[in-house]
Amino acid sequence: MNNSENFFSKVYTVAKLIPHGRVTSYGAIAKYLGVAKSARMVGWAMNASHNIDEIPAHRVVNRNGLLTGKHHFDGTNLMQQLLESEGIIIKENKIQNLNAVFWDPFKELNT
DNA sequence: ATGCTGACTGGGG
DNA sequence: CCCCCAGCCAGCA
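Residue numbers 4 to 114, in this note's numbering, belong to the letters of the first sequence in order.
If you want it as structure tokens, here you go:
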């Protein structure tokens, strides 16, 4: 009965669709859901994603490829370790090869 | 209701 | 890519 939950579900669905070794931005997901102006809500939804499993929130970063949400994970560098473990190069909480690992739902999902 | 904060983004320089 | 400014939306004191 809450449209908000639908929004959450969408975010989770897309997040799960993110391939291994790839990342995307909050804005990309927000835009894909039709709420490009509410990119913050995506991050907010991701925050709640901790309540659910199988949500690779570590694969979601800001448009700069900066691990803005790393502070919300258990450890201090857990997010970076997870990404590096997938072959993503990170330096100073920033994805170096962002252009190479960036995953655009519009480009990959919507043909 | 008011003000602040936040896992954000786009545009201009 | 980085910095600054303004817009957006939801939650909280």
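Backbone N, C-alpha and C fix where the C-beta goes; we use that ideal spot for every residue, glycine too.
Item	Value
Ranges of the beta strand (DSSP E) found wholly within the stretch 45-106, counting only runs of at least 3	none
Backbone secondary structure at residue 14 - three-state DSSP	helix
N-terminal and C-terminal residue of the alpha helix (DSSP H) that residue 108 is part of	108-111
Buried or exposed by the 16-neighbour rule on C-beta atoms within 10 Å, applied to residue 27	buried
Straight-line gap, residue 110 to residue 101 (C-alpha atoms, nearest Å)	16 Å
Selected residue, minimal CA-CA separation from residue 15, among 75, 52, 65	52
Residue range of the alpha helix (DSSP H) that includes residue 34	29-36
Cα-Cα separation between residue 106 and residue 63, rounded to whole angstroms	10 Å
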